[in-house]
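Top to bottom, those sequences are chains A and B.
Residue numbering for the first sequence follows the working numbering, starting at 1 and increasing by one per position.
Residue numbering for the second sequence follows the working numbering, starting at 1001 and increasing by one per position.
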Amino acid sequence: MQFWKTTILAALTLAAPATAVAETVLTLHLEEQSAWVRNFNPFNLGSRRASTIDLIYEPLVIFNPMEGGKPYYRLATGLSFSDDLKAVTYTLRDGVKWSDGQPFTAEDVKYSIDLARGNPVIDAYGMADAVESVEVVDPHKVTIRLKTVDSTFPETFSDVPIIPKHVWSAIPDPVATANENPVGTGPMTEIRRFTTQVYEQCRNPNYWDAASLKVDCLKFPQIAGNDQTLAIAQSGELDWFGSFLPDIEKTYVASDPANHHYWQPPAETVSLMFNLKTANEGNREAFNDLAFRKAVSLAMDRDSMVNVAGYGYPTANTHASGLPPRFEVWRSKTDSTQWDAFIGYDIEKAKALLDQAGYKPGADGMRTTPSGKPISFKILVPNGWTDWIDDSQIAIEGLRALGIDAGVETPELEQRTTAMIGGSFDAGLGSTLDGATPFKFYNDTYNSKSGGRVEGGSARYANPDLDAALAAFRSTTDSARQHELMGKVQDIVSADLPVIPLFNNPTWYQYSTKRFTGWATPDNPFAVPENHDGVHTRILHLLALRPVQ
Amino acid sequence: MRVPYRRLLIYAIAFAVAIVMNFLLPRLMPGSPVEAMIAQFGKRATPAMIEAIKIRFGQGDATLLEQFWDYLKGLATLDLGISTKYYPQTVLEVLGRSIGWTLLLVTTSIVFSFALGSLLGTVAAWRRGSRFDGVMSPLAVVLLALPPVVIAVCALFLFAVSLRWLPLGYAWDPALDPELSFAFLGSVAWHAILPVATLSLFLVGNFQATMRNSMISVIGEDYVTMARAKGLGESAVMFSYAARNAVLPNLTNLALALGSVFGGSVVTEIVFNYPGLGLTLFQAAISRDYPVIQGQLLIMTLATLLANLAVDIVYLWLDPRLRDQPA
């Protein structure tokens, strides 16, 4: 009798959790689409779902910008550079499996890189330009030989999707497939339900870090615009999203003050960029004059831009170096007071500067260059970006007070981006996404090679000393030396003021504590809290979430 | 009944012009799919990424004439191309999943508003000068003047957000799977209420006004007086004699209104997140998805032309006086 009692009790105890535990579902909003299309191909840059990278295809290492670029090892357990810094070796984690049960090995890493090298259409991160060869040392060790010394390679490499060789070698054209049933190493790989209005992405049955993952499924309702986001968010359905919500205290927080929260820490720097190589002679002469740029910087009412145009969400940037606040640990040790004096709002001081530099008013009352040529330009901002349009209006008010003939132009996003990258513009607002360290911001914005290649480099600034400092940063892995070089970069930029830093965009992050806790907050800033495609720390954020009991 | 050859010829010419316009319009817009994709990535675009996009989607080499010839060949085989925004889905797949919803929305709105508008116009004209007429007719003109976008946004805010009586959007409850069940169809109907009501509202005003005007002119005709003299009941005279003849100009009005219905449906779908052709066109235009824009313009043009043709034929059938005249 006792034996049976114990057996039945044991059986019940073992069976009960399987039926009694409810599933934890996290509802997110990552991207705006008019209908969900089942595409999880990491190489379809424009048409893949935003939940493909990181959640299905996990990187080897993630670098956390919130902690000075600290590495978090995911599929790899270690990385080391060779002595000449031209090869980097990754040690892979034991026991990692793809979601179909196959083991993850160095062959998969080699395959991922070689596929990109051989196919320019999928090589979105420059593997063909950077990598000389890939060697599989053993099933858990892979060495990547680089063409040139580049200590920032691991950061670039963390964007490359690591795909399973046994699946993709059978696909003739890697771009032409929608990859509807993806096989990955990430936390959420199973597409349980997919309709045009909602899809559910669930737990990887073979996830190596399953112990840390307390969320079973992710639910993505289809949302086509900000108005719907607001309507759905107010109803309490969304757990994690990141959208521009006007007057967020009233529109979002007020609908459930106990649970609806947001945190919008400053992110990338937005600057007023003058095209230093513009075809217009008068403009070019003025733009390339440091006195002119300093005067313009003093005409920018940054506080109004932040509080009036931006609803108080952005943060004014008060340093000539434009260093984003999240990289405070990288700030130059040099005293920058003399340069930062020109980052403020002082119309009289600006007028005096221009008078001193010889910018006399012309026949129409507007200032001309010292050699007498007219200055007239339009600031380019994308159509529909109302906050940036308002910022430009505020900038123009300041410029006109100085007597500079400036206006605003609002072409569609494509034209504006093409014009800025292509160089057919005079002035515009622009920004660069941050990497794990300030290197990406300074390289994209101030390196002479960036002009014409990325939006951040639209100003087309060229300074051999700066280029040399950036190159030196890349040639060393010594943290102290890197900090020293980054300081030098900031000093050069502060003194020369090639672009005019205005403010830092907010990180778009809103969340609800109704069903989950463990969120990143100002008291606990363990990750960049955004959930959008391109923010790798969202894996760390997801793993930190716990269902509310 | 004579086949309206001349009418068909006119429609054929209209269709040919539409094909050329549908080809030219997207290309006249500044920008290209490549630029749109690069801009979509914005700050995240690396130089290598930009190169990759240009190689895959750059179509700058072919001349305009060559592109047009490819386009015509594609039309003949019903191959509308591959979408750039939803790559690698074909245009037919992209449009196929949305066309049903727009048809549902547009057809229901047209039928509902035509029936309701005509009925209200008939009664208003019959009781001309009464209190009903005094309230209904000005109200119809007000509705006629209200832009669909204003009605849509107000309705969304009032009924869906504030009062929470009706759903916020979607074509059906996302928790359900599409299948032929009572629950699913009921959900579809429930979610269609606000979009259809919004779209119908301004149409009702239109049809009511036209119906009332033509009714008033018909009421003065001899055969109506004769019908009354025969001793027929009020409603019999009103519907079988007067309304039946007065509805003809309203049909022409319907044909003219079709274009604005499609336009109105775009706005309604955007506001209510309804997955129809309107929303698809909106997103395709933003991303310069030429194949989808072309395909959609073509379908919408074809639909409008066919509907006009249908109305013409119905007109011929309804009005015997037109049958023997040259078409």
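Built from N, CA and C at the ideal position, the CB exists for glycine as well.
Every value quoted in this text rests on a predicted model; they were computed, and no experiment measured them.
Closer than 7 Å at the beta carbon, the chain B residues around residue i
i	result
N44(A)	Y1087
D123(A)	A1048 and A1052
S431(A)	K1043
E414(A)	G1031, E1035, A1036, A1039 and R1288
L221(A)	Here residue 221(A) is Pro; the residue named in the question, Leu, does not match the sequence. Simply P1174.
Beta-bridge partners of residue i, as assigned by DSSP
i	result
A1242(B)	According to DSSP, which records beta bridges pairwise, A1242(B) is partnered with nothing at all.
M273(A)	G428(A)
K449(A)	Paired residues: none, contrary to the question.
Y345(A)	A299(A)
T196(A)	BP columns for T196(A) are empty, so no partner.
S512(A)	H260(A)
C202(A)	E190(A) and C217(A)
P547(A)	F516(A)
T89(A)	S80(A) and T143(A)
L26(A)	L218(A)
V136(A)	V142(A)
Residue i: contacting residues in chain B (beta-carbon distance under 9 Å)
i	result
L502(A)	In chain order: nothing, as chain B lies at least about 15 Å away.
G456(A)	K1043
L402(A)	Going along chain B, no residue has its Cβ under 9 Å from L402(A), so there is no contact; the nearest lies around 30 Å.
Partners in chain B for residue i, counting only beta-carbon separations shorter than 8 Å
i	result
T417(A)	E1035, I1038, A1039 and G1042
I232(A)	L1168
Q228(A)	L1168, G1169 and N1273
S51(A)	Those within 8 Å of S51(A) in chain B number zero; the least Cβ separation is about 16 Å.
G126(A)	T1046, P1047 and A1048
Interface residues of chain A facing residue i [CB-CB closer than 9 Å]
i	result
Y1290(B)	None at all; the shortest Cβ gap to chain A is about 13 Å.
V1113(B)	It should be noted that the sequence gives Ser, not Val, for residue 1113(B). Those do not exist, as S1113(B) stays about 25 Å from chain A at its closest Cβ, beyond 9 Å.
S953(B)	One cannot answer for residue 953(B) here, as it falls past the ends of chain B, which runs 1001 to 1327.
L1279(B)	S34, A35 and A224
W1161(B)	Looking at the sequence itself, residue 1161(B) is Val, so the reference to Trp does not match. Ordered by position in chain A, the residues that pass the 9 Å Cβ test against V1161(B) are L230, A231, Q234 and S235.
Residue i vs residue j beta-carbon contact at 8 Å
i	j	result
G1081(B)	R1288(B)	no
T1102(B)	G1278(B)	yes
G456(A)	D444(A)	yes
P182(A)	N204(A)	no
L323(A)	P506(A)	no
A436(A)	P65(A)	yes
F40(A)	E155(A)	no
M1215(B)	G1129(B)	no
M127(A)	V160(A)	yes
A471(A)	S448(A)	no
S1181(B)	F1112(B)	no
F1272(B)	G1169(B)	yes
L1104(B)	A1014(B)	no
T185(A)	W240(A)	no
I113(A)	I163(A)	no
N275(A)	A459(A)	yes
Contact list for residue i against chain A, beta-carbon separation under 7 Å
i	result
I1385(B)	In the structure as shown, chain B begins at 1001 and stops at 1327. Residue 1385(B) is therefore absent and cannot be evaluated.
R1056(B)	V121 and V175
From the options, residue whose alpha carbon lies closest to that of residue i
i	options	result
L1158(B)	L1194(B), E1179(B) and A1140(B)	L1194(B)
V136(A)	G236(A), G126(A), I162(A) and Y90(A)	Y90(A)
G1186(B)	A1171(B), T1301(B), R1097(B) and I1286(B)	A1171(B)
K1043(B)	D533(A), K141(A) and V37(A)	D533(A)
F287(A)	Q201(A), G487(A) and G428(A)	G428(A)
G365(A)	I347(A), E180(A), I379(A) and D405(A)	D405(A)
I379(A)	V408(A), W508(A), L399(A) and Q201(A)	V408(A)
Y446(A)	T417(A), M486(A), R416(A) and K333(A)	M486(A)
Y1209(B)	I1293(B), V1123(B), G1100(B) and L1008(B)	Tyr is not the amino acid found at residue 1209(B); the sequence shown has Ala there. Residue V1123(B) is the option with its Cα nearest to A1209(B).
D1079(B)	Y1087(B), T1301(B), D1070(B) and A1125(B)	D1070(B)
P382(A)	A1036(B), R1007(B) and M1021(B)	A1036(B)
Within chain A, the residues that residue i reaches when beta carbons sit closer than 8 Å
i	result
D1177(B)	R193 and T195
Q1294(B)	What Q1294(B) touches in chain A: nothing, since even the nearest Cβ is about 18 Å away.
Requested in this report: Check whether the segment 50-69 of chain A touches the segment 531-549 of chain A, taking contact to mean three or more Cβ pairs, one atom from each stretch, closer than 8 Å.
Outcome: yes
Query raised in the report: Below 8 Å, can you find three or more Cβ-Cβ pairs linking the segment 288-300 of chain A to the segment 468-481 of chain A?
Result: no
Query raised in the report: Does the segment 500-513 of chain A come close enough to the segment 316-330 of chain A to have 3 or more Cβ pairs within less than 8 Å?
Result: yes
Query raised in the report: Are the segment 513-527 of chain A and the segment 353-360 of chain A touching, with three or more C-beta to C-beta distances below 8 Å?
Result: no
Query raised in the report: Can we say the segment 1300-1312 of chain B touches the segment 1245-1257 of chain B, given the rule of at least three CB pairs closer than 8 Å?
Result: yes
Query raised in the report: Taking contact to mean at least 3 C-beta pairs separated by less than 8 Å, is the segment 1134-1151 of chain B in contact with the segment 1231-1247 of chain B?
Result: no
Query - the segment 27-34 of chain A contacting the segment 238-255 of chain A, beta-carbon criterion three pairs below 8 Å - result: Touching, yes.
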